[in-house]
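Visitor: Throughout the sequence shown, residue numbering follows UniProt numbering, covering 1 to 205 in sequence. Here a beta-carbon is modelled for each residue, glycine too, at the ideal position from N, C-alpha and C. Provided herewith is a single structure, encoded as structure tokens, for subsequent inquiry.
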Amino acid sequence: MLENDRSRSATHQSYAVLRDRILNGQLPGGTKIVEEKIASELGFSRTPIRESIRKLEYEGLIINKRVVKPTEKDLRNNFQMRILLEGYAAQCAASFLPEQDLQALYECVEIGRKGTNEEIMDANERFHEIIVRASNNAVMIDTIDRMQSLIYLFRKTVVLNQRPHLIDEHEQIYEAIKARNGEKAADLMKSHLQADLDFCLHIIG
Numbered sequence: 001m002l003e004n005d006r007s008r009s010a011t012h013q014s015y016a017v018l019r020d021r022i023l024n025g026q027l028p029g030g031t032k033i034v035e036e037k038i039a040s041e042l043g044f045s046r047t048p049i050r051e052s053i054r055k056l057e058y059e060g061l062i063i064n065k066r067v068v069k070p071t072e073k074d075l076r077n078n079f080q081m082r083i084l085l086e087g088y089a090a091q092c093a094a095s096f097l098p099e100q101d102l103q104a105l106y107e108c109v110e111i112g113r114k115g116t117n118e119e120i121m122d123a124n125e126r127f128h129e130i131i132v133r134a135s136n137n138a139v140m141i142d143t144i145d146r147m148q149s150l151i152y153l154f155r156k157t158v159v160l161n162q163r164p165h166l167i168d169e170h171e172q173i174y175e176a177i178k179a180r181n182g183e184k185a186a187d188l189m190k191s192h193l194q195a196d197l198d199f200c201l202h203i204i205g
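So, in structure tokens, the structure goes:
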């Protein structure tokens, strides 16, 4: 393997390990990230670790070399952006979503009712992803993609603490999109995300 390829591989591996540890709670909010310690643990030099940290900072998971501990303001800012973007995406989905994606949305709802926590998490993510990509707006899709790590943390709070009516709301959004009612789909998505925000604020409050 060429030196550049080895460097990229080390960066990718260290990034994946650090991201997983943050998202699964092994590195809780507020934990100080020490390059030397992580490099020693993973068997890499400090350069790929430094690049991994930079990428995680870009995603909002690390701030000032510490694992992010989202504040109430962070939560509100994140959800305000999502309400704007995903409300519009739901309206677009009602106009443009093809039949196979409608079926995929329905399957996400079904998994939400019957699946394990991990399956529900995956189905929740897929449900929102299908709708966002229906916008066909590359800038909007990229913005949501960059927020995915923080969104995951909030989604985990919502799913693992079993927010009431979560899947019922998904089903209502699906039904509005299936009926090609863009205005209703947008309103339901906005209400859904507002309910997520209120629940997260209650949990951390």
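Along the alpha helix (DSSP H) that carries A89, what are the first and last residues, could you check?
Guide: In the sequence shown, counting from the first residue as 1, residue 89 sits at position 89. Where A89 is concerned, the enclosing alpha helix (DSSP H) stretches over E72 to F96.
Visitor: According to the neighbour-count rule (16 or more other Cβ atoms, all chains shown, within 10 Å of its Cβ), is L160 buried or exposed?
Guide: Numbered from 1 along the sequence shown, position 160 holds the residue referred to as residue 160. Classification of L160: exposed, given that the 10 Å Cβ count is below 16.
Visitor: Which word fits F199, buried or exposed, when buried means at least 16 other C-beta atoms lie within 10 angstroms of its C-beta?
Guide: Counted from its first residue, the sequence shown places residue 199 at position 199. So F199 ends up on the buried side.
Visitor: Does the pairing of the region 103-115 with the region 187-202 give three or more beta-carbon distances under 8 Å?
Guide: In short, these stretches do not touch, since the Cβ pair count stays below three.
Visitor: S14: buried (16+ other C-beta within 10 angstroms of its C-beta) or exposed?
Guide: As a position in the sequence shown, residue 14 is number 14, starting the count at 1. By the 10 Å Cβ count, S14 comes out buried.
Visitor: Whole angstroms is fine: what's the gap from Q194's alpha carbon to R76's?
Guide: As a working note, residue 194 is residue 194 in the sequence shown. As a working note, residue 76 is residue 76 in the sequence shown. Rounded to whole angstroms, Q194 to R76 spans 9 Å at the Cα level.
Visitor: Assign L201 to one of two classes, buried (16 or more other C-beta atoms within 10 Å of its C-beta) or exposed (fewer than that).
Guide: Position 201 of the sequence shown, counted from the first residue, corresponds to residue 201. Exposed, by the Cβ-count rule.
Visitor: Who are K32's beta bridge partners in DSSP?
Guide: Counting from one through the sequence shown, the residue named residue 32 turns up at place 32. For K32, which the question treats as bridged, DSSP gives the partners R66.
Visitor: Please report the straight-line C-alpha distance between F96 and K32, rounded to a whole angstrom.
Guide: Here residue 96 refers to the residue found at position 96 when the sequence shown is read from its first residue. Here residue 32 refers to the residue found at position 32 when the sequence shown is read from its first residue. Spanning the two alpha carbons is a distance of roughly 45 Å.
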